[in-house]
Amino acid sequence: MSRRLIALTVVLAVFLSACSAAPTPSPSAVVSSDVLATVGGIPLSAGELRYLTTVAVGMGIEVIDWDGMINGVPARRYILEEALSLATASYVTGMKAKELGFSLTDEEQGEIDWDIALEADYLGGREAFLEWLDSSGITEELYRFYSYEVPFLQQKMITGLFGTGSQHEPSEAQERDYYKNNYLTVSYIFISATDDYGEPLFGDSYNTQRSIADALRRQAVGGSDFAELVETHGQDYLMSLSPAGRTLPRGELNDAAEAAVNALRDGEISETVEADGGFFVLKKLPADWTWFEQNREDVWYLCAEEAFHKMLAEWCADVETTVSGTYYGQNPQDWIE
């Protein structure tokens with residue numbers, strides 16, 4: 063994820079929080095300046111952790127069942143742990159960057175100044191921006207640190223620690239393994255089960271589309287040229303541009319379609335899969351090493367980024383983190399809603 067995209071994610075998450083009604087204090091409510099935890103001896107204030115709680119919620123969790131579980135952990139506890147993990151990773155990044163000689167140049171700091179000025183304009187000016195920060199429980203200095211300096215430093219560390227000729231540069235074998243484990247090559251016929259307005263079809267209309275998909279599958283299994291079937295009958299625009307096959311990051315296909323591909327051997331064709339408002343007939347293809355070479359730089363970066371975050375996790379494990387008795391008594395739902 064790029065530095066600017068990380069910052070935009072943070073902006074949107076916290077902006078939505080700031081626009082909502084003021085939270086109702088929980089029985090164990092604290093003021094923003096109260097220290098609730100430390101990372102390597104650095105104090106973390108309640109306001110700072112409240113801000114990071116909002117960021118944690120904005121990072122991929124669309125709807126939270128606050129009385130439910132997330133990854134086997136009670137939802138409130140999980141979000142509080144995620145906020146603390148974000149703080150730990152951020153401060154450890156800063157510590158290790160300094161130790162290893164990574165810093166931001168004046169030009170890079172100027173880029174951050176420019177981006178923050180754009181955010182202020184988006185929110186209605188400098189005064190509105192400062193009010194937004196205050197309502198989010200964070201200072202401008204800390205906002206700059208979490209939203210810009212840390213992602214920027216991490217990018218520089220990835221390049222410096224894992225780039226060409228560096229100590230931790232991924233080998234070609236490691237990059238190839240990353241590609242095989244994180245990408246799939248597939249071709250598929252997609253037949254829509256929605257109308258022109260995106261509404262689901264029912265009854266005879268639905269059954270007709272299903273019958274079309276099933277008939278195309280029978281043709282494919284019977285030996286018809288799969289790419290020609292995609293090009294002639296498929297209703298997915300991107301697939302129609304590359305009917306012979308596309309290489310996709312794992313997770314880009316919907317879960318049902320990807321599960322069907324994962325169950326296939328190279329060259330096999332799936333059953334008709336209903337998902338994403340339509341029907342898929344999928345063909346698993348061998349790894350496309352030409353695509354790998356053409357996209358080698360992107361694969362290297364993602365491989366290096368993964369290795370960096372493993373290294374960061376090891377660094378974080380070596381740093382002492384303390385939590386006050388009141389931190390896990392907080393209700394993050396009050397901070398967010």
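Position 275, counted from 1, in the sequence shown is what the numbering used here calls 337; the numbers after and before it change by one each time, with no gaps. Positions of the beta carbon are idealized from the N, C-alpha and C atoms, including for glycine.
Whose C-beta lies closer than 8 Å to the C-beta of residue i among residues of the same chain, with five residues either side of it excluded?
i: residue 148; result: 114, 117, 118, 208
i: residue 92; result: 98, 108, 388, 392
i: residue 347; result: 247, 248, 249, 307, 328, 329
i: residue 85; result: The predicted model places residue 85 with a pLDDT of 38, which falls under 50 and marks its position as unreliable; any figure quoted below should be read in that light. Counting only Cβ-Cβ distances below 8 Å, and skipping sequence neighbours, we find 396, 397, 398, 399.
i: residue 358; result: 237
i: residue 172; result: none
i: residue 300; result: 308
i: residue 379; result: none
i: residue 323; result: 246, 248, 315, 332, 344, 346
i: residue 156; result: 207, 211, 212, 215
Can you tell which of the options has the C-alpha that lies nearest to the C-alpha of residue i?
i: residue 145; options: 99, 104, 169, 157; result: 99
i: residue 275; options: 388, 365, 332, 247; result: 332
i: residue 350; options: 339, 171, 307; result: 307
i: residue 242; options: 360, 367, 354, 96; result: 354
i: residue 204; options: 185, 289, 107; result: 107
i: residue 372; options: 330, 260, 220; result: 220
i: residue 305; options: 312, 141, 345; result: 345
i: residue 178; options: 211, 166, 162, 216; result: 211
i: residue 175; options: 198, 206, 189, 360; result: 206
i: residue 200; options: 273, 111, 138, 390; result: 111
i: residue 240; options: 363, 386, 390; result: 363
i: residue 169; options: 214, 195, 268; result: 214
i: residue 342; options: 291, 361, 352; result: 291
i: residue 161; options: 377, 394, 383; result: 377
i: residue 269; options: 183, 260, 280, 254; result: 254
i: residue 225; options: 165, 361, 394; result: 361
i: residue 218; options: 278, 159, 125; result: 159
i: residue 196; options: 325, 352, 94; result: 94
i: residue 272; options: 252, 128, 260; result: 252
Starting from the C-beta of residue i, find all residues in its chain whose C-beta is less than 7 Å away, skip the five residues before and the five after it, and write them out in chain order.
i: residue 381; result: 101, 102, 150, 154
i: residue 83; result: Reliability of the predicted coordinates at residue 83 is poor, the pLDDT of 34 falling under 50, and no value is obtained from them.
i: residue 288; result: 249, 282, 345
i: residue 310; result: 245, 246, 248
i: residue 284; result: none
i: residue 390; result: 139, 142
i: residue 394; result: 115, 138, 141, 142
Which residues mark the beginning and the end of the alpha helix (DSSP H) in which residue i is found?
i: residue 105; result: Taken as a continuous stretch (DSSP letters only), residue 105 belongs to no alpha helix (DSSP H), being part of the beta strand (DSSP E) at 104-107.
i: residue 361; result: 358-379
i: residue 221; result: 212-224
i: residue 394; result: 394-398
What first and last residue would you give for the beta strand (DSSP E) that runs through residue i?
i: residue 337; result: 335-337
i: residue 383; result: 383-385
i: residue 252; result: 245-254
i: residue 185; result: Unbroken run through residue 185: none, as it is neither H nor E.
i: residue 341; result: 340-347
i: residue 201; result: Here residue 201 belongs to no beta strand (DSSP E), and DSSP marks it neither H nor E.
i: residue 100; result: 97-101
Beta-carbon within less than 6 Å of residue i's beta-carbon, same chain only, minus the 5 sequence neighbours each way: which residues are those?
i: residue 96; result: 108
i: residue 89; result: Caution is warranted here: a pLDDT of 39 is assigned to residue 89, below 50, making its placement in the model unreliable, and the coordinate value is therefore given only provisionally. Same-chain partners within the cutoff: there are none.
i: residue 262; result: 256
i: residue 87; result: Confidence at residue 87 is low in this model, with a pLDDT of 37, below 50, so its placement is unreliable and the value that follows should be read with caution. Closer than 6 Å at the Cβ level, and outside the excluded window around residue 87, lies no residue.
i: residue 191; result: 182, 185
i: residue 230; result: 223, 224
Between residue i and the ligand ATP, is there a pair consisting of the residue's CB and a ligand heavy atom that are separated by less than 6 Å?
i: residue 133; result: With respect to the ligand ATP, the structure offers nothing, as it holds no ligand at all.
Cβ pair count under 8 Å reaching 3, the stretch 293-308 against the stretch 234-242: no
Every unbroken alpha helix (DSSP H) within the stretch 257-333, with a cutoff of 4 residues, ordered by chain: 265-283, 288-295, 299-303, 317-324
Validate contact between the stretch 336-347 and the stretch 304-320 using beta carbons, cut 8 Å, 3 pairs: yes
The stretch 128-137 touching the stretch 362-371, judged by at least three CB pairs closer than 8 Å: no
Inside the stretch 132-199 only - alpha helix (DSSP H) runs reaching at least 4 residues: 137-162, 168-184, 188-198
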